[in-house]
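First comes the structure, then the notes that go with it.
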Amino acid sequence: MFKMGTMSKKNAFSLWLSCVTIFLVLEQASVESADATQRVQRLPGQPPVRFEQYAGYVIVNEEKGRAIFYWFIEADHKKAATMPVSFWFNGGPGCSSIGAGAMSELGPFYNKNEPGESGLVRNKHAWNKASNIVFVDSPAGVGYSYSNTSADYNYLDDELTAVDALAFLVGWFAKFPEYQNNEVYLLGESYAGHYAPNLASKILIHNENLGKLDINLKGFLIGNPWTDSYYDNKGAVDFWYHHSLISDETYNEIQRSCDYRLEPAVGFSSSAACRNAANHASNLEMAEIDAYNIYAGNCNSASVNDSALVKRTRPSFFLGLKDSNFCGPDTTTPYLNLPEVKAALHARPGIKWTECSLQINSQYSVASVVESMLPVYRYLLTKGLKIWIYSGDIDGVVPTTGTRYWLRQLDLIVEVPWYPWNHSTQVGGWTQVYKGLTFVTVRDAGHMVPADKPSQALQVFRRFLIGKPLPSF
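Going letter by letter, the sequence shown gives residues -33 to -1, 1 to 440 in mature numbering (1 follows the signal peptide of the UniProt record, and there is no 0).
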């Protein structure tokens, strides 16, 4: 240590200035340690922003050439470097987090939907106001993600998806080591009800095997999550009936002929009676409504591909994606297929981006889809994680009803009883706090809560991050 008394004031000042300079250089090096080759300079039509963006691929299997695409949106905050890193996974299985989560729900930009207009507009309720957000196209074959081995698309299941997702996280933090010690959260909706708990389990085991906190997982937040085939299917049918969407006869026939435990969707069954009853419900009695938001207007504007997805899986576990404005045109697909957009995002030039992949969905293991996540929850509830489940209460695909059914099976201790939560002096929904888990409903929201109720969704996300119950009246 230098003794100031033995130095002249000039020399002392020079030493101080050198130390400050070294500190600033090191600090800048830390900031610049992110993979600069992945920086998104500016998207076509993008308004000015203060935060950085990065996008590109993490190779998760060198031998087969599997690569997972990500779009990293830095937090819109001066303390972004120390804020949580949250990874968003859309459902399906087979739907893109880039087109749905990022461009239609909680990302910083929406596409302009007015006729004759193009470009992006700011989302004032973007979740990167509260956290760094990484949107992930998972598994390979979804969105911009790909495999060089075509056989990879012929069979997928939850185990393969979770293994690749863990490899993605490890590879992502290698690209962005400055975030290695930040709090990590998993986010998603619909089939992320499988993705998030399975990945959380893999992360905990990964950390235990390494003997260190390699990935600083703190919890997960998932919306309208497909969790248990029996309770989610039963909840869907009960929801349809109690919202007067189906007849007594159809309801009774489904109850008699369908085995909810064996079906990834009501009517996806070997029972002809079950299929007939389910088809009658979805193709006739509910044909003129959007099951993902039963009170939304239906302008019949879905593309042929989207219509095929909806027909194949509605009502089911599948996230048949719509823009936040269901009656508006699909501007996301043409935008994300522009060569200049792909170049800006460092996506593979020749890849065709689609919102949902029929191939991935159709080849995904039915055994995985019908497997209950309740044993995984029971394991995770012993690990001290922050677990929040939110549910749009007018979703007819994975309704609040089914979520409440399976939550009961966990026999959780109630810490704060059911109460309406306050959003700007209005009822935002209802919530109940259990030991280890918080359940939240979002009033008048469908399957994609951040699209239907963006302000309420951001409020839920903020409270989740700080671990405090939603405000009461």
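Cβ atoms here follow ideal geometry from the backbone N, Cα and C, with glycine treated the same way.
As the structure is a prediction and not an experimental result, all values here were calculated from the model.
Membership of residue 30 in any alpha helix (DSSP H) is not indicated, and neither H nor E is assigned to it by DSSP. Look at the beta carbons and you see the segment 343 to 360 touching the segment 406 to 418: at least three pairs across the two are nearer than 8 Å. Here residue 53 carries a strand assignment [DSSP, helix/strand/coil]. Taking a contact as a CB-CB distance under 8 Å, the pair residue 241 and residue 213 does not count as one, their CB atoms being some 14 Å apart.
For residue 29, the number of other beta carbons within 10 angstroms of its own is below 16, and it is reported as exposed.
The alpha-carbon of residue 21 is positioned some 12 Å away from that of residue 42. Ranked by Cα distance from residue 439, the first of 415, 398, 419 is 398. Taken through DSSP and simplified to helix, strand or coil, residue 225 comes out as coil. Per DSSP, residue 382 lies in no alpha helix (DSSP H) segment; the continuous beta strand (DSSP E) that holds it begins and ends at 381 to 390. Residue 53 holds the alpha-carbon nearest to the alpha-carbon of residue 95 among 161, 372, 53. Considering only 101, 107, 74, the residue with the shortest C-alpha distance to residue 91 is 74.
With fewer than 16 other Cβ atoms from the protein chains shown falling within 10 Å of its own Cβ, residue 223 counts as exposed. In the three-state scheme derived from DSSP, where H, G and I count as helix and E and B as strand, residue 170 is classed as helix.
Nearest to residue 5 by alpha-carbon distance, out of 177, 310, 85, 161, is 310. The continuous beta strand (DSSP E) containing residue 89 extends over residues 87 to 89. In the pairwise beta carbon analysis, the segment 203 to 218 is classified as not touching the segment 381 to 397: fewer than three pairs are separated by under 8 Å.
Judged by their CB atoms, residue 122 and residue 330 are nearer to each other than the 7 Å cut-off.
Closest in C-alpha terms to residue 170, from the list 315, 104, 346, 37, comes 346. Counting every other CB atom within 10 Å of its CB across the protein chains shown gives residue 250 a total below 16, marking it as exposed.
As computed with DSSP, residue 151 is found in a beta bridge with 52, 184. When only Cα atoms are considered, residue 391 and residue 11 end up about 35 Å apart. Counting only the Cα atoms, residue 85 lies some 49 Å from residue 177.
Relative to the Cα of residue 180, the nearest Cα in the group 150, 256, 321 belongs to 150. In terms of CA proximity to residue 206, 371 leads the group 371, 70, 119. Pairing residue 116 with residue 31 gives a Cβ-Cβ distance under 7 Å.
Residue 158 and residue 344 have their C-alpha atoms roughly 15 Å apart. When secondary structure is reduced to three states using DSSP, residue 177 falls in the helix class. Under the three-state reduction of DSSP, residue 6 is assigned to strand. Annotated three-state conformation of residue 196 is helix, per DSSP. DSSP places residue 400 within a strand segment (E or B) once states are collapsed to three. Distances from the CA of residue 428 to each of 232, 154, 59, 69 were compared; the closest alpha carbon is that of 154. DSSP places residue 332 in the coil class of the three-state scheme, outside both helix and strand. No Cβ-Cβ contact shorter than 7 Å links residue 69 with residue 39. Distance from the CA atom of residue 17 to the CA atom of residue 143, rounded to whole angstroms, is 19 Å.
Membership of residue 353 in the beta strand (DSSP E) is indicated by the continuous run 353 to 359.
Between the beta-carbon of residue 313 and that of residue 66 there is about 17 Å, and that puts the pair past the 8 Å contact cut.
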